[in-house]
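Below: one structure, written as structure tokens.
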Amino acid sequence: MKKSIYIFIIMLFGAVIVSAQPSVVEITYKTTDATQLKMKIYYPADYKKGAKYPAIIFFFGGGWAEGTMDQFKNQALFFASKGMIAITPDYRVKSRQGTTPFESVKDGRSAIRYLRGHSAALGIDPDKIAAAGGSAGGHIAAAADLTQIDEATDDLHINARPDLLALFNPVLNNGPGNYGYDLFKDRFREISPFHNIKKGAAPAIIFLGTRDKLVPVAIAKQYQQKMQEVGSRCDLLLYEGQGHGFFNYNRGSKYYNETLEQLTRFLKEFGYIK
4 MKKSIYIFII
14 MLFGAVIVSA
24 QPSVVEITYK
34 TTDATQLKMK
44 IYYPADYKKG
54 AKYPAIIFFF
64 GGGWAEGTMD
74 QFKNQALFFA
84 SKGMIAITPD
94 YRVKSRQGTT
104 PFESVKDGRS
114 AIRYLRGHSA
124 ALGIDPDKIA
134 AAGGSAGGHI
144 AAAADLTQID
154 EATDDLHINA
164 RPDLLALFNP
174 VLNNGPGNYG
184 YDLFKDRFRE
194 ISPFHNIKKG
204 AAPAIIFLGT
214 RDKLVPVAIA
224 KQYQQKMQEV
234 GSRCDLLLYE
244 GQGHGFFNYN
254 RGSKYYNETL
264 EQLTRFLKEF
274 GYIK
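In our numbering, the protein residues as written are 4 to 277.
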């Protein structure tokens, strides 16, 4: 596997010199009984072999039931143009593999573990891996940091936690009365990010519309307060009158651009973008 990754990077490096555009590589990061899970890796145009780049991995939304790894394609291209390596992985969902959100979170942690375990070959700084996601994808990003829902076949010696979080109208609380509870019932505490916040939680930025019918503002504020209580930074940016998915590229340029600008500032603060 590592040899094939190095071959990809060598090919990529040669292509970069000619194209001066972000380059995209698609690889398999995990194989299960049901499927091979792919990820797309977006490299900066001036990628240099042997250098280490901060990375950001975007998990698509879709209620753990559907969605594609191209949801955040435009955001990935944007951050690749800023000198980062951006990743959009696939993960198991109900409509394709008949799975539960537990498998989705396992795949999220597997994807981050893969990036860190192969960081030298991929050109990634293993200490600067940010995880982002929208809705259920935001849940996966947060749960990757806060829970220990792991695939039994993963190398558990490799850290699966992201170093930074960017959450777009994320599902944060799976407790009674909240989104996803009917799927988890008495197991909600295992997978609910809110119920697993602890000291050392990764710094986070949350983007949320005030008219989001799936993720109430009150829940996000409770999450922010609990994060602050354990000593972790949590920025909550509210967008007046906006509903679920307001940040997506296909919803128009205004909030797509605004959220990119805010996330860029956040990443600069932590040294991910110069």
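Think of the CB as a built atom: it goes at the ideal place given N, C-alpha and C, for glycine as much as any other residue. Since we're looking at a predicted model, the values are computed, not measured.
The alpha-carbon of I132 is positioned some 5 Å away from that of A58.
Only exposed fits K202, as fewer than 16 other CB atoms lie within 10 angstroms of its CB. Excluding its 5 nearest sequence neighbours in each direction, F75 has C-beta neighbours in its own chain below 6 Å: F61 and T91, listed in chain order. Counting only residues of its own chain and dropping the five nearest sequence neighbours on each side, V218 has a CB closer than 8 Å to the CB of S138, N172, P173, V174, L175, Y182, L211 and H247. The alpha carbon of I30 has as its nearest neighbour, out of D36, L40 and Q24, the alpha carbon of L40. Residue state for L167 is assigned as strand, using DSSP reduced to three classes. The beta carbon of H198 sits closer than 6 Å to those of R192, all from its chain and outside the five residues before and after it, given in chain order. Segment contact: the region 114-128 against the region 160-169, three or more CB-CB distances shorter than 8 Å; contact assigned. Here T150 is buried. Its C-beta has 16 or more other C-beta atoms within 10 Å. With fewer than 16 other beta carbons inside 10 angstroms of its own, E243 counts as exposed. In the structure shown, P129 adopts extended strand secondary structure according to DSSP, grouped into three states. For F269, same chain residues with a beta-carbon under 6 Å away, outside a window of 5 residues either side, are I208 in chain order. Within its own chain, the residues whose Cβ lies closer than 7 Å to the Cβ of I200, once the five positions on either side in sequence are excluded, are L149, K229, M230 and V233, listed in chain order. Comparing alpha carbon positions, the residue from A221, G86, A145 and Y252 closest to L241 is A221.
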